[in-house]
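Residue numbers (our numbering), protein chains in the order written: chain A, 1 to 429; chain B, 430 to 858.
Right, one structure below, let's go through it.
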């Protein structure tokens, strides 16, 4: 795609109230645009990233065997009254329609998905059931902050599973951890599984997926053996001997929560009367789990973890485009047309090979192009100029490396294809 | 995909309040599930259809040169006050958040997109600009009805274009008509372009895209020459000589509106102070157009137009799967394993060839499978049974044809591939 056709240019000044790297960099690079506190428009490049994150999430949920559905954001008051959460969830946005009918905007969907699954899963043969959706959620946050990390409208993948016995639930719960770690790894995030509070759902722990970063709002105590607890429930402190392995020493770090999974036990099936006759003829309350990942929060977290003072560094898997192709202007008319010709065919050949290219063909100074390339942070920058063509080459520079090198025109497409297929080198910690 | 793994089974009874074929059939077939009046969950098969419709819309919008963005549903009161629409739009859902902050749920997005584009299109060189989104919209409808046709939460593609002169706008407006007709044709709908009121935006007409159907809530007067007017503004009546061609006779028909396009002139750019210095140095108010298609409404309209007393008939382009593969049970164990084996490899071979298969492998009566196949309405039904295997064949029946025929096992995959590539035969009127 040509840069000049792209809606959403880079902007010089950081927004006044950008309180975090993700808010500042995503806005400056033209990926998102703030409508009001905690509420953003996704510009074309931001939407491309968000959709790639969603596709990775979808892929891993499908691999878990879950079915994708799409539930409404507009939900009836009656559904929340049955579980006593109409007044209890303080971030619920409430509204009134014709005839005094009251609604809430979904901040979570247990109240909707449980009666839904109850209609279709009527025999023990229908279990287990797992359904998920990827949808915008709404929360009346007292203080929206940190760009995409804590918003009032945000993208959420919520998965719900339904089981007739505890062991079946536990098996699925364990499997879901693997799926979650895959999601984060594929997004360039190295997440830890951390024990956290089960809230008022369960006396068991829930589990959070935490990515270490200095701007994280959570604090995690952990050992290299895999033991990890959120500060809120931690039974250990820094320097303690790890209760998990009895050998390691507990360390602490700040982190961002990018996902969480909850055992719900029969908290909702009881209130919503979801019972099924088991194979042995006994009626049992359905056991549930819920599992959340916020794709927009993941997008913000990637920027928190992968940026430097020049801009963002996108992993190949979720970069809006793979390659930033800059063609530099020449004052020589013949050379200029040669540059255009090479850049055009390189753009077309790369795209045909599945390598997505943002082609900066503007007639602006090289310094401006390079600054935009660094800010936008596509993983590979290719430059075509008088200088590179004198060597029958293209300049190749990866965003996370300092040095550039020349690659011959004959080899460039093949090398770019191989680079795209190669394992990701940009992962946190 | 195996039918037994599908979340959302067919249900025998029509919902009590299903007031239209789309509400009744989509619910019975397990494509949608009503949460409350005018608000539906999309079950896996319904979501597949909806996503295919959205992809067709997206494809045609991209071909128009428009950029995809994603704006929030949560919008600030201040935006609507600037255009005096906070109190004027009676279907606006309003809500209040922390600190008394007031919001509306977007029922349309002129108030959001205009200030957005104003930030990035600052020079005449940036024009024309066209951006679109595909998003759930909310309307506080006094009477939700007709399933997916008039809901309180529904999917919408809204496109907005911005121009510096009238001719440039008109060119884009004409081009958009072609893109819209392509969308509907690809969805199996034969839409007419119909003149309608410009509302309070413009003294000019707007244009609606109307699909003839007996359950339509609109009435259209038209001539075969292409002249067509919505009854609301019609200057003609049935039997009149057509004022367009001066020859044809005006006829009338009921129709469903599946899309509309509006010249907005400077209605919003004036209120929102979106002026740009033209090439000649003069400041001009930006001229706008808006262009809507509701993917969920299109989905409902397809059912309204393409159904019979047994169920739905999906065009290949938007069918949740292309093929309903029914394997019939045998009491002979050897024959049963041969049936399973043939069905398995047929399923796998078809999927590998890009033909999407819903494989009904349940151990139920043939009559139940055939009734479900007709209700769900996939365009091609294939049957593997003792009888067909005795002839080394598969039974082939297209949903819109009465007769079945046998196709040899050796030819079946190739024939299905060719059938999928062949032009759609299922179009309205």
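Just so you know, even glycine gets a beta-carbon here, dropped at the ideal spot from N, CA and C.
query: When the Cα atoms are used, what is the spatial distance from residue 475/A to residue 284/A?; result: Beyond the ends of chain A as shown, which are 1 and 429, falls residue 475/A; an answer cannot be given.
query: With 9 Å as the limit, tell me which residues of the segment 93 to 109 of chain A have their beta carbon closer than that to any beta carbon of chain B; keep them in chain order.; result: 93, 94, 95, 96, 97, 98, 99, 101, 103, 105
query: How is residue 514/B classed by DSSP in three states: helix, strand or coil?; result: coil
query: Spell out whether any CB of chain A is found under 8 Å from the CB atom of residue 438/B.; result: yes
query: If we require 3 or more residues per run, which beta strand (DSSP E) segments fall completely within the segment 318 to 380 of chain A?; result: 323 to 327, 357 to 360
query: Note down the Cα distance separating residue 158/A from residue 32/A, rounded to an integer number of angstroms.; result: 23 Å
query: At a Cβ cut of 7 Å, what residues of the segment 43 to 55 of chain A count as close to chain B, listed as they run along the chain?; result: 43, 44, 47
query: Could I get the ranges of all uninterrupted beta strand (DSSP E) runs contained in the segment 530 to 618 of chain B, with 3 residues as the minimum, in chain order?; result: 531 to 534, 558 to 567, 582 to 592
query: Counting beta carbon pairs with one atom in the segment 746 to 766 of chain B and one in the segment 798 to 814 of chain B, are three or more of them shorter than 8 Å?; result: yes
query: What does residue 120/A touch in chain B if you count any residue whose Cβ is under 7 Å from its own?; result: 436, 437, 438
query: Which residues bound the beta strand (DSSP E) around residue 635/B?; result: 635 to 641
query: Can you tell me whether DSSP reads residue 440/A as helix, strand or coil?; result: Given a span of 1 to 429 for chain A in the structure shown, any question on residue 440/A remains unanswerable.
query: Count the other CB atoms, across all protein chains shown, that sit within 10 Å of the CB of residue 470/B; report buried if there are 16 or more and exposed otherwise.; result: buried
query: Buried or exposed for residue 642/B, going by 16 or more other Cβ atoms inside 10 Å?; result: buried
query: Determine the chain B residues that contact residue 68/A at a beta-carbon separation under 7 Å, and present them in chain order.; result: 473, 476
query: Any beta-carbon of chain B closer than 8 Å to the one on residue 411/A?; result: no
query: Please list the terminal residues of the continuous beta strand (DSSP E) segment that includes residue 451/B.; result: Looking at the DSSP string, residue 451/B is not in any beta strand (DSSP E); the run it does join, the alpha helix (DSSP H), is 450 to 457.
query: Do you know whose CA, among 71/A, 69/A, 92/A, lies nearest residue 77/A's CA?; result: 92/A
query: Hey, could you find the ends of the beta strand (DSSP E) residue 73/A is sitting in?; result: Taken as a continuous stretch (DSSP letters only), residue 73/A belongs to no beta strand (DSSP E), as it is neither H nor E.
query: I'd like to know if the segment 17 to 28 of chain A and the segment 299 to 308 of chain A are in contact, where contact means that at least 3 CB-CB pairs between them fall below 8 Å.; result: yes
query: For residue 381/A, is the classification buried or exposed, using 16 other Cβ atoms within 10 angstroms of its Cβ as the cut-off for buried?; result: buried
query: With DSSP collapsed to three states, give me the class of residue 259/A.; result: strand
query: Express the C-alpha separation of residue 563/B and residue 480/B in angstroms, rounding to a whole number.; result: 11 Å
query: Give a yes or no on whether 8 Å exceeds the smallest Cβ distance from residue 136/A to chain B.; result: yes
query: Out of 603/B, 815/B, 743/B, which one is the CA nearest neighbour of residue 762/B?; result: 815/B
query: Contact criterion: CB-CB distance below 8 Å. Does residue 581/B meet it with respect to chain A?; result: yes
query: If contact is defined by three or more beta carbon pairs under 8 Å, each pair taking one atom from either stretch, is the segment 153 to 171 of chain A in contact with the segment 122 to 142 of chain A?; result: yes
query: For a contact defined as C-beta to C-beta under 9 Å, what are the partners of residue 191/A on chain B?; result: What residue 191/A touches in chain B: nothing, since even the nearest Cβ is about 26 Å away.
query: Kindly indicate which three-state DSSP category residue 825/B falls into: helix, strand or coil?; result: strand
query: At a CB distance below 9 Å, what residues from the segment 73 to 86 of chain A approach chain B? Give them in sequence order.; result: 73, 74, 75, 76, 78, 79
query: Is there a Cβ of chain A sitting closer than 8 Å to that of residue 465/B, yes or no?; result: yes
query: What is the DSSP secondary structure of residue 450/A, reduced to helix, strand or coil?; result: In the structure as shown, chain A begins at 1 and stops at 429. Residue 450/A is therefore absent and cannot be evaluated.
query: So, are the CB atoms of residue 129/A and residue 162/A less than 8 Å apart?; result: yes
query: In this structure, does DSSP put residue 678/B in helix, strand or coil?; result: strand
query: By the 10 Å Cβ neighbour count, where 16 or more other Cβ atoms means buried, how is residue 207/A classified, buried or exposed?; result: buried
query: Would you call the CB atoms of residue 317/A and residue 188/A closer than 8 Å?; result: yes
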